[in-house]
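**Q** To start, I am sharing the structure in question, which I have written as structure tokens.
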Amino acid sequence: MRRREGDGCPVAGALQVVGDKWTMLIVRDLAGGARRTTELLGALHPISSRTLVERLRDMERDRLVERRSLGGSPPHVEYVLTERGRRLLPLLEALRAAGEALDCNACDDRLSRSGDYCEACPNRHAPPAPGPARPHARSRGDDSIVLL
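Structural data, given as structure tokens:
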């Protein structure tokens with residue numbers, strides 16, 4: 345992400361780090377632990393592999409993620425949130441709550457589409473609600489958030 349000289353405001357500085365469309369979605373998908381590049385690519389559809397790699401490099405430079413080489417041929421890599429990156433989790437929760445309050449999407453929309461909640465969803469670890477059984481299969485399908 346290109347740095348611009350800001351006005352010294354922490355809000356402007358934070359937006360330079362997280363203002364990209366994909367940053368918080370990557371944080372969301374790394375909230376549950378390390379992910380390989382291919383896992384992130386599948387979960388963040390329709391992001392292109394080029395955009396994902398560029399964003400991960402920016403996030404690594406910003407010390408939000410750590411890149412871990414797993415070796416092999418071809419080389420395998422995984423990414424994990426750093427302590428600095430984990431500081432974004434309250435913002436992630438605030439965005440989720442805002443999305444629900446603004447009636448953009450609901451966690452149950454994702455559950456019905458992909459069979460599971462996203463990694464950072466508080467419903468992921470909640471006891472099942474009474475009634476019809478929830479689908480149990482985990483999917484790494486479309487994790488996009490639509491804000492209108």
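Using our numbering, read the sequence shown as starting at 345 and increasing by one per residue. All residues carry an ideal CB built from backbone N, CA and C; glycine is no exception. From a predicted model like this one, the values you see are computed outputs, not experimental measurements.
If you drop the 5 nearest sequence neighbours on each side, which residues of the same chain put their C-beta closer than 8 Å to that of E444?
**A** A450 and C451
**Q** Please work out which residues of its chain come closer than 8 Å, Cβ to Cβ, to G429, disregarding the five sequence neighbours upstream and downstream, and give them in chain order.
**A** Cβ neighbours of G429 beyond the five flanking positions: V371, L374, M403, R407, L408 and V409.
**Q** So what does DSSP say about R457, is it helix, strand or coil?
**A** In the three-state DSSP reduction, R457 falls in the helix class (H, G or I).
**Q** Which two residues bound the contiguous alpha helix (DSSP H) that contains S417?
**A** Run containing S417: none; DSSP gives neither H nor E here.
**Q** Does the contact criterion of 3 or more C-beta pairs under 8 Å hold for the stretch 379 to 387 versus the stretch 416 to 435?
**A** yes
**Q** Threshold first: 3 residues or longer. Then list the beta strand (DSSP E) segments lying entirely within the stretch 401 to 452, N to C.
**A** 409 to 415 and 420 to 425
**Q** Can you give me the Cβ contacts of S413 inside the same chain, cut-off strictly under 8 Å, excluding the 5 residues immediately before and after it?
**A** P419, H420 and V421
**Q** Report the rounded CA-to-CA distance for A442 versus S417, giving the unit in angstroms.
**A** 43 Å
**Q** Can you tell me whether L439 is buried or exposed, with buried defined as 16 or more other CB within 10 angstroms of its CB?
**A** By the beta-carbon neighbour count (other beta carbons within 10 angstroms, threshold 16), L439 is buried.
**Q** Looking at C465 and R457, is the spacing between their C-beta atoms short of 9 Å?
**A** no
**Q** Indicate whether L432 and V355 have their beta-carbon atoms separated by less than 9 Å.
**A** no
**Q** Rounded to a whole number of angstroms, what is the C-alpha to C-alpha distance between G376 and C353?
**A** 31 Å
**Q** Could you spell out the range, first to last residue, of the alpha helix (DSSP H) harbouring G373?
**A** One point to set straight first is that residue 373 is Asp, not Gly, in the sequence displayed. Counting along the chain, the alpha helix (DSSP H) containing D373 begins and ends at T367 to L374.
**Q** Should R399 go down as buried or exposed, given a rule of 16 or more other Cβ atoms within 10 Å for buried?
**A** buried
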